[in-house]
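Q: FYI, my numbering numbers position 399 of the sequence shown as 408, with every residue one higher than the one before it. Note that the Cβ used here is the ideal one computed from N, Cα and C, for glycine as well. Here it is: the structure, laid out below.
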Amino acid sequence: MVSASLPRFVVAAPASGHGKTTVATGLMAALAATGHVVSGHKVGPDYIDPGYHSLATGRPGRNLDPHLVGEDRLAPLLKHGARGASLAVIEGVMGLYDGQIGGDGFASTAHVAAVTRSPVVLVVDISSASRTIGALVHGIASFDPAVRIAGVILNKSGSQRHADEVRRSIEPLGLPVLGVLSRDDGIVAPSRHLGLVPAQERDEAAQALDRLAAQVAERIDLDAVVEIARSAPDLDTAAWDPADHVTPVEGAPVVAVAGGRAFTFTYAETTELLEAAGCRVEVFDPLTSTELPAGTRALYLGGGFPEVHAAGLAGNTALREQLRQAVADGVPTVAECAGLLYLCRSVDDVPMIGALDAEAVMSPRLTLAYRTGIAGEDTLLTRAGERFTAHEFHRTHVEPVHGDVAAWIDRGSSIGFAGPALHASYLHTHWAGAPRLAQRLADAAAAAPPASAPSLRGRAVSRAATTVANTRPDRVPDLGWHGDAELDDGLVDLAVNVTDEPQPAWLSHALADAMTRIAAYPDPRAAEKAVSRRHGRSPAEVLATSGAAEGFTLVARARPWRHAVVVHPQFTEPEVALTAAGHAVHRVVTRAEDGFRLDPEAVPDEADLVVIGNPTNPTSVLHPVTDLRRLLRPGRVVVVDEAFMDAVPGERASLTGVPMPGLVVLRSLTKLWGLPGIRAGYVVGDGEVIAELRRQQPPWSVSTPALAVLVATAGDEAVAEAERRARLVTTQRAILVDGLTELGVPVVAPAAGSFVLARPGEGTHARLRAAGFAVRRADTFPGLDDSWVRIAVRRPTTTRSLLAAWRGMRR
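Here you go:
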């Protein structure tokens, strides 16, 4: 045995939803920012959280799962993943003692903590209790002597008095309270799209993590946390080494591993084992790569969400054909879950590779479970009678469910396709628990011929979808044109950026209650206080407005602006309001070839007012916080229009919670909550500027129902629902973008709002209208012309109808 010190601790919670992912990720980022080399680990099979851990630590995220790898490998894998690290943070799963049903806590966080002899930091949501939290913590701490609770972090405190009451209830237990996070801190995990953060959004996710790290460092005693980590006893075991479990093959065969946005689920140890077995691992992106890596002799198509990106995958025709031919030619292929779907003829009628004689369709039911498989016969990966552990996680099913059956789960139903050169299954396996799987794929790769090259025609089509040209400047746009002007009887609405989701019951109740109080004049104080609590600002820094449009009018009237700058293309109302107030407007027009991203240096030094959208309407571009901060300077007011920020998961890049001189942020509640008839919005920012806007506002300009909306949408239930809707927008937008890409339509990317800006060519707006679809004309925005259209994100059925009609227009 090898004894070595590894400071470490587990972040656990009484149940899901207490905030352990956010706190664990924040602790990783905060500790890394103070100079620690942090290794992030996750209890269970989850692929998503380790992606955030990787962003926080700069190291691969790792999993510790007794079911998948065996109890005896937990400590060796922990030490392997933490090589070179000064500290390891292990995020738990579900409640501390929750494991396999019927397994008496097997594979629970407590199980992993006990096996790895790691102290536990308990995160507890205290929003709905006070002294009872002491009893809860006491019960958890005394439930299993093998688990050591070393400290507690209180999450979602309502006030200092509330936190002090909870703290006093815990003191008799002798457990330190390491920190308190307020429910108003706005501390949230980075974007929780279906999978890891897309590569093109990693800069923004890193900025969100920076803010999270700063908040955690301010509110949690990091020195005490490090001391807890250092109290962990030595681990008397050698680190797991992939080279100990495989034998290198000759020739360094290339194994092509699917990556990118559609294929994000691969355990780090899988590729490490393949490399130790003598293979050269090359990652390719099925959405953007026009061909497989040169010399590919085997394929590994891991997990992910190809159903979300189906149109984009389908549009990459050259790669699809090369992959189909490779499987037909017998190139050794392993496909897990997403890979299985990708090999089918179609996913929800969208063409896929077609290597399997099967169709994949979405299902309303989530399949999530541990499995134990038994191989039915000798195949590429398995030998008859072998048992292996795995897990399932999917919302699709494949028909027929199998071809040549190779693997069986306990209940006796077949789950995959397999043969001498193929293993395609819904089962996810962790190869550190069965390294023979890596050896067999490496052996097969060494004996296989390379995959054939794709056709030139397919490659040209794929490249064509990435070109976005300059705009024509020789127009006078109609700044008074809005999306609702596009609507007409019989047209499908993809022009107005208002959600088509049903109104939540709590919001309907708030509006109904407001109607009982319309006999009195409206009083905005309660609404402004609610908004201030949500964003961690003073009520004096919040002004309720009759929608964001009133905010622009108040800004225009607040001062005798000498050099007002509006960054275009963007919502035209700021320029309209400034012009109506008698100000000359200076335009800074961003360029298509720059992705419509603002260069702060393009704003003249003499500008005393700068207005910019984030994410910007109509481009859907989310500007980095660093660029927006560079606009600030003494004597200048910067107005950031965040009317669509609530459509961004985690509201990353939002400046509502950042008090800075001269900065004001406008927010609208119209779009996400479907309330165009109730003008509800607010401005948050520099108290001096807010006071100037308040003096310009007519009395009682914000109605009682609108104020009720401000209160209702600032509560915890609303914030959670807003996050759910934002994630839904992200998923639905991906379907729209991938479908347009399949059609060869250039799209401004990455898009962050509830709409996308596309450039299908002149006349498309009118042709779509004739086909029954209303999209937003773009030639009314400075910097754009008739070759552009803005398209609202809608439900997949509506989007697919649009894409089908669009495809029909081209025949």
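Roughly how many whole angstroms lie between the Cα atoms of L83 and T125?
A: In a straight line, the C-alpha of L83 is about 7 Å away from that of T125.
Q: For A267, report the span of its beta strand (DSSP E) as first-last.
A: Note, A267: beta strand (DSSP E), V263 to A267.
Q: Between the region 749–757 and the region 320–328, do at least 3 Cβ pairs fall closer than 8 Å?
A: The answer is yes - the region 320–328 touches the region 749–757, with three or more Cβ pairs under 8 Å.
Q: What are the residues that DSSP puts in a beta bridge with T554?
A: Answer is G690, bridged to T554.
Q: Helix, strand or coil for D419? Go by DSSP, reduced to three states.
A: Its pLDDT being 36, under 50, D419 is placed unreliably in this model, and the coordinates cannot settle the point.
Q: Label R466 either buried or exposed according to how many other C-beta atoms from any shown protein chain fall within 10 Å of its C-beta, with 16 as the threshold for buried.
A: Only weak support exists for where R466 lies, its pLDDT of 39 falling under 50; the value from the coordinates is given anyway. Exposed: under 16 other Cβ atoms inside 10 Å.
Q: Short of 8 Å in beta carbon distance, which residues of its chain neighbour E730, apart from the five on each side in sequence? Order them along the chain.
A: Only P513 meet the Cβ criterion.
Q: Can you have a look at V477 and say buried or exposed, based on whether 16 or more other CB atoms are within 10 angstroms of its CB?
A: In this predicted model, V477 has a pLDDT of only 28, less than 50, meaning its place in the structure is not dependable; the value taken from the coordinates is given anyway. Buried, because 16 or more other Cβ atoms sit within 10 Å of the Cβ of V477.
Q: By a C-beta neighbour count over all protein chains shown, 10 Å radius and 16 as the cutoff for buried, is A469 buried or exposed?
A: Caution applies to A469, whose pLDDT of 35 falls short of 50 and renders its modelled position unreliable; the model cannot decide the point.
Q: If you compare alpha carbons, which of V634, P685 and L640 is closest to D661?
A: The sequence given here has Arg at residue 661, not Asp. Checking every option, the nearest Cα to that of R661 belongs to V634.
Q: Going by DSSP in three states, A433 sits in which element: helix, strand or coil?
A: If DSSP states are grouped into helix, strand and coil, A433 belongs with the strands.
Q: Can you tell me which of the three DSSP states E401 falls into?
A: It is a strand residue.
Q: Taking contact to mean at least 3 C-beta pairs separated by less than 8 Å, is the region 631–646 in contact with the region 795–807?
A: Result no; under three Cβ-Cβ pairs closer than 8 Å.
Q: With 16 other CB atoms within 10 Å as the buried threshold, where does R170 fall?
A: Result: exposed.
Q: I'd like the list of long-range same chain contacts for N479, defined as Cβ closer than 8 Å, with 5 residues on each side in sequence excluded.
A: In this predicted model, N479 has a pLDDT of only 30, less than 50, meaning its place in the structure is not dependable enough to derive any value.
Q: Quick one: what does DSSP say P373 is sitting in, helix, strand or coil?
A: Here P373 sits in strand by DSSP.
Q: Pick from T275, I149 and E401: whose alpha carbon is nearest that of L182?
A: When only C-alpha atoms are compared, the closest one is I149.
Q: Can you grab the Cα-Cα spacing for the pair V718 / E615, in whole Å?
A: About 39 Å.
Q: Give the DSSP-derived three-state secondary structure of F561 in the structure shown.
A: If DSSP states are grouped into helix, strand and coil, F561 belongs with the helices.
Q: Use the C-beta contact count for M654: other C-beta atoms within 10 angstroms, 16 or more gives buried, fewer gives exposed.
A: Burial call: buried.
Q: What residues are listed by DSSP as bridge partners for R220?
A: Paired residues: none, contrary to the question.
Q: Is DSSP giving G148 helix, strand or coil here?
A: Looking at G148 - three-state DSSP - the assignment turns out to be helix.
Q: Measure the alpha-carbon distance for A727 versus P444 and round it to whole angstroms.
A: Computed Cα separation, rounded: 47 Å.
Q: Using CA atoms only, rank isn't needed, just tell me which of N506, L640, G492 and G394 is closest to S763.
A: Among N506, L640, G492 and G394, the Cα nearest to that of S763 belongs to N506.
Q: How far does the beta strand (DSSP E) with T342 in it reach, from first residue to last?
A: Looking at the DSSP string, the run of the beta strand (DSSP E) that includes T342 is T342 to E345.
Q: Would T710 and S555 qualify as a contact pair, given that the criterion is a beta-carbon distance under 8 Å?
A: Note that residue 710 corresponds to Ser in the displayed sequence, not to Thr. It is a contact, given that the beta carbons lie within the stated cut-off.
Q: Of the choices T807, R568 and H632, whose alpha-carbon is the least far from that of H592?
A: H592 has its Cα closest to that of R568, out of T807, R568 and H632.
Q: Thinking G304 and V258 are a contact (beta carbons under 8 Å), I'd like their distance in whole angstroms, please.
A: The Cβ separation is near 14 Å, so there is no contact.
Q: Give me the Cα-Cα distance between E582 and A700, rounded to the nearest whole angstrom.
A: Roughly 22 Å separates the two Cα atoms.
Q: As a quick exercise: from E278, F782, V343 and V746, pick the residue whose alpha carbon is nearest that of R768.
A: The residue with the shortest Cα to Cα distance from R768 is V746.
Q: I99 bridges to which residues according to DSSP?
A: BP columns for I99 point to V19 and H50.
Q: Alpha carbon to alpha carbon, how far is V757 from L450?
A: Near 40 Å, if we compare the C-alpha coordinates of L450 and V757.
Q: Taking buried to mean at least 16 other C-beta atoms within 10 Å of its own C-beta, is E697 buried or exposed?
A: Classification for E697: exposed.
Q: Can you give the Cα-Cα distance for E236 and P185, rounded to whole angstroms?
A: Their backbone Cα atoms lie some 12 Å apart in a straight line.
Q: If the criterion is Cβ atoms closer than 8 Å, does the pair V597 and A586 meet it?
A: Against a cut-off of 8 Å, the Cβ pair of A586 and V597 comes out as no contact.
Q: To the nearest angstrom, how far is it from the Cα of G79 to the Cα of F397?
A: In a straight line, the C-alpha of G79 is about 11 Å away from that of F397.
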